[in-house]
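One structure is given here, and the rest of the page talks about it.
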Amino acid sequence: MSLLATLSSIVLWLIGFYAENKGIHLNYQANSIKSRRVISHLTLAQNVLRHSPLILFEIVLNKTLKYLAKIYQNMVLIY
């Protein structure tokens with residue numbers, strides 16, 4: 001049961017990360033700050049899936065994972 005919960009959390013986080021990179025997160029922010037993320041990736045993924053579940057057909061998790069790895073590698077090399 002714990003493995004299933006962990007796996008679903010990872011998938012939700014990746015969906016939220018994808019939505020943020022596509023600029024979808026701006027539709028779900030309640031305040032006027034548009035320069036930074038206000039809600040978490042998990043909450044963003046839940047909102048996006050609730051309002052437009054067909055987004056799952058356009059998400060390619062492999063590309064999202066590669067992009068995340070590239071960002072992380074650049075972040076680690078900088079510091």
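Under full-length UniProt numbering, the residues of the sequence shown are numbered 1 to 79, in order.
Where is the CB? At the ideal position from N, CA and C, for every residue including glycine.
By the Cβ test, the region 12-30 is in contact with the region 63-77, since at least three Cβ pairs between them sit closer than 8 Å. Leaving aside the five residues that flank residue 44 on each side, the residues in its chain whose CB is nearer than 7 Å to its CB run, in chain order, 16, 19, 20, 25, 28. By the neighbour-count criterion, in which 16 or more other beta carbons inside 10 Å mark a residue as buried, residue 12 falls on the buried side. When the beta-carbon positions are compared, residue 47 and residue 38 stay at least 9 Å from each other.
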